[in-house]
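A.B. asks: Have a look at this one before I ask anything.
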Amino acid sequence: MNKLPQTPIYLVQPGNPLIAQWKQPFEAFARKDIHTFTIDVPPEAVDEMDVAMPQQLVIALQHYPHLIDKFLFSLELKFQQIAGSELYYQEDDWKSDDKYHRWFCKMGQFPLVLFFLHDREARFSILAGDILADKRVTVKKIDEQQESYIGIVGNDVQLVSKRLFNACWLFHLFCHASGFDPKPCIESILADFDLPVTYEQVRKQYEEDVLKGIELRVG
118 MNKLPQTPIY LVQPGNPLIA QWKQPFEAFA RKDIHTFTID VPPEAVDEMD
168 VAMPQQLVIA LQHYPHLIDK FLFSLELKFQ QIAGSELYYQ EDDWKSDDKY
218 HRWFCKMGQF PLVLFFLHDR EARFSILAGD ILADKRVTVK KIDEQQESYI
268 GIVGNDVQLV SKRLFNACWL FHLFCHASGF DPKPCIESIL ADFDLPVTYE
318 QVRKQYEEDV LKGIELRVG
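Quick note: the sequence shown uses this note's numbering, first residue 118, plus one each step.
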């Protein structure tokens with residue numbers, strides 16, 4: 118059986134200015150006894166469907182592999198009412214606004230972010246924000262405390278499963294030869310979404326693709 122290469126497969130190569138850009142905030146986060154890394158999102162970023170900052174953070178993080186574990190599910194996005202201010206929308210406000218569902222779905226074009234977002238509903242929007250915005254979901258009440266379950270149906274199950282598979286595949290690649298084992302995290306995400314995707318499927322496809330050779334292009 119052919120062995121996988123033992124060198125990282127980088128999204129951007131060492132020396133890219135993006136890596137140095139995040140060095141100081143990453144080091145500050147590493148030193149602090151905190152477990153959330155907060156990014157303020159100005160309103161124009163959502164209006165213009167600009168998702169570059171969270172994506173760039175994750176791309177740069179690959180070059181700081183000792184921080185991958187701490188960054189998992191730690192990224193908190195706070196949506197400003199006015200750019201540069203400390204006035205933020207409440208969670209209920211942005212979670213009920215289709216514009217934000219579509220913004221997260223746009224971010225899902227680079228699905229690695231899924232593994233770093235702190236908010237579970239935001240992670241769901243990464244995979245299914247367009248489906249939520251188009252009201253192609255079923256809502257079921259699961260207890261008397263108004264807790265609800267949002268489900269996807271029909272062809273959307275296959276669509277979201279494919280997106281989830283691609284996210285897990287890319288996370289495996291992201292962690293390649295980093296010293297961080299992606300399996301527990303991928304299995305946790307798969308269990309959370311309960312879709313017809315298994316870790317074994319992801320791992321098999323990932324190994325086959327790496328052995329064939331992968332050419333990455335990150336815009």
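Positions of the beta carbon are idealized from the N, C-alpha and C atoms, including for glycine. Given the structure is predicted, the values throughout are model-derived calculations rather than measurements.
Where do the ends of the alpha helix (DSSP H) carrying K321 lie?
C.D. replies: Here the alpha helix (DSSP H) through K321 covers Y316 to K329.
A.B. asks: Just verifying my parser: in three-state terms, what is the DSSP assignment at G268?
C.D. replies: The answer is strand: DSSP assigns G268 an E or B state.
A.B. asks: Assuming F146 is part of the alpha helix (DSSP H), what are its boundary residues?
C.D. replies: That run of the alpha helix (DSSP H) goes K140 to R148.
A.B. asks: Where DSSP assigns a beta bridge to Q197, which residues make up the other side?
C.D. replies: DSSP lists Y205 as partners of Q197.
A.B. asks: Note down the Cα distance separating H218 from Q138, rounded to an integer number of angstroms.
C.D. replies: So the two alpha carbons sit approximately 28 angstroms from each other.
A.B. asks: Using 9 angstroms as the threshold, is the C-beta distance between V254 and I243 below it?
C.D. replies: No, Cβ-Cβ distance for V254 and I243 is not below 9 angstroms.
A.B. asks: In its own chain, which residues sit with a C-beta less than 7 angstroms from the C-beta of L135, not counting the 5 before and 5 after it?
C.D. replies: For L135, where only same-chain residues beyond five positions count, the Cβ hits under 7 angstroms are V129, Q173, I176 and A177.
A.B. asks: Rank D210, Q226, S295 and E203 by C-alpha distance to the C-alpha of D167 and give the top, closest one.
C.D. replies: Residue Q226 is the option with its Cα nearest to D167.
A.B. asks: Please specify which runs of the alpha helix (DSSP H), each continuous and at least 4 residues long, are wholly inside the segment 225-261, giving them in chain order.
C.D. replies: List check, alpha helix (DSSP H) in window: 237-250.
A.B. asks: Reducing DSSP to helix, strand and coil, say where D167 ends up.
C.D. replies: Looking at D167 - three-state DSSP - the assignment turns out to be coil, as it is neither helix nor strand.
A.B. asks: Taking its Cβ as the centre, do 16 or more other Cβ atoms sit within 10 Å of H289, making it buried, or is it exposed?
C.D. replies: It counts as buried.
A.B. asks: Would you call D326 buried or exposed, if buried means 16 or more other Cβ atoms sit within 10 Å of its Cβ?
C.D. replies: Its Cβ having fewer than 16 others within 10 Å, D326 is exposed.
A.B. asks: Can you give me the start and stop residues for the beta strand (DSSP E) that D309 sits inside?
C.D. replies: Unbroken run through D309 is the alpha helix (DSSP H), K300 to F310; no beta strand (DSSP E).
A.B. asks: Give me the DSSP bridge partner(s) of D157.
C.D. replies: In DSSP, D157 forms a bridge with K195.
A.B. asks: Using 10 angstroms around the beta-carbon of D150, count the other beta-carbons present and answer buried if the total reaches 16, otherwise exposed.
C.D. replies: Flag for D150 reads exposed.
A.B. asks: So, at 8 angstroms on beta carbons, what are the nonlocal neighbours of D298 in its own chain, with the 5 sequence-adjacent residues on each side left out?
C.D. replies: Closer than 8 angstroms at the Cβ level, and outside the excluded window around D298, lie C292.
A.B. asks: Can you say whether D164 is buried or exposed, counting buried as having 16 or more other CB atoms within 10 angstroms of its CB?
C.D. replies: The residue in question, D164, is exposed, as its Cβ has fewer than 16 Cβ neighbours within 10 Å.
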